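Below is the structure:
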């Protein structure tokens, strides 16, 4: 079962902020990838995410690969906790029309990833990789978007991106049970996930 304890927004280090790494130099030589996620359900619209290649290159590569394959299309937001985060990306069990009881327990056909922890904190709009159980090296395909800060996740989950547009869409995603986050009825879904490159 893939579990997420918390997620936050990712941002570039601000001048004078102690303890944060300025990722602009690190990522200047890498492709600048992003995602455009079209959402349908209680939330409708587009979420734009800047992927942080300089922070988590292997995790970003995985997300880009799955998005380019179309694996994320029609995947539900299976775990959504008010004030915390919205989780999606179970390409194995999270497709529309699948057994929702299994959603959140799967991944992709690719191997799990080794953690790529950074000093980028979990803030509102941060995108992090969910992981399976307690192993820090078990992220695969699932990711989450933070509704609010979650500093207790720092150094526990890999940060992969930051929402740059569409937080109003994120905020409107159908909520689940207060404790488990499981969404009743028809969960919101990612209709399409497109890779962008600058």
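Numbering (the working numbering), first residue to last: 7 to 204.
All residues carry an ideal CB built from backbone N, CA and C; glycine is no exception.
As the structure is a prediction and not an experimental result, all values here were calculated from the model.
One question on the structure: do residue i and residue j come within less than 7 Å of each other, judged by their Cβ atoms?
| i | j | result |
| --- | --- | --- |
| residue 82 | residue 193 | yes |
| residue 76 | residue 57 | no |
| residue 113 | residue 93 | no |
| residue 102 | residue 189 | no |
| residue 121 | residue 142 | yes |
| residue 148 | residue 95 | yes |
| residue 78 | residue 196 | yes |
| residue 54 | residue 170 | yes |
| residue 126 | residue 70 | no |
| residue 128 | residue 159 | yes |
Put residue i into one of helix, strand or coil per three-state DSSP.
| i | result |
| --- | --- |
| residue 174 | helix |
| residue 215 | Past the edges of the chain, shown from 7 to 204, lies residue 215, and the structure says nothing about it. |
| residue 126 | coil |
| residue 163 | coil |
| residue 32 | Only weak support is given to the placement of residue 32: the predicted model assigns it a pLDDT of 46, under 50, and the question is left unresolved by the model. |
| residue 142 | coil |
| residue 86 | strand |
| residue 27 | Residue placement at residue 27 is flagged as unreliable, the pLDDT there being 43, under the threshold of 50; a coordinate-derived value is accordingly withheld. |
Only counting the same chain, and skipping five residues up and downstream in sequence, which positions put a Cβ closer than 6 Å to that of residue i?
| i | result |
| --- | --- |
| residue 212 | One cannot answer for residue 212 here, as it falls past the ends of the chain, which runs 7 to 204. |
| residue 100 | 81, 82, 84 and 109 |
| residue 204 | 38 |
| residue 144 | 118, 137 and 138 |
| residue 181 | 86 and 88 |
| residue 135 | 65, 145, 149, 164 and 166 |
Leaving out five residues on either side along the sequence, give the residues of the same chain with a beta carbon under 7 Å from the beta carbon of residue i.
| i | result |
| --- | --- |
| residue 89 | 153 and 154 |
Kindly identify the DSSP beta-bridge partner or partners of residue i.
| i | result |
| --- | --- |
| residue 196 | 45 and 81 |
| residue 169 | 55 |
| residue 179 | Answer is none; residue 179 lacks a bridge partner. |
| residue 101 | 81 |
| residue 201 | 41 |
| residue 158 | Residue 158 pairs with nothing; no bridge assigned. |
| residue 150 | 93 and 134 |
| residue 119 | 145 |
By Cβ distance below 8 Å, which residues in the same chain neighbour residue i in space, the five residues on each side in sequence not counted?
| i | result |
| --- | --- |
| residue 73 | 41, 199, 200 and 201 |
| residue 52 | 42, 43, 44, 45, 171, 172 and 175 |
| residue 104 | none |
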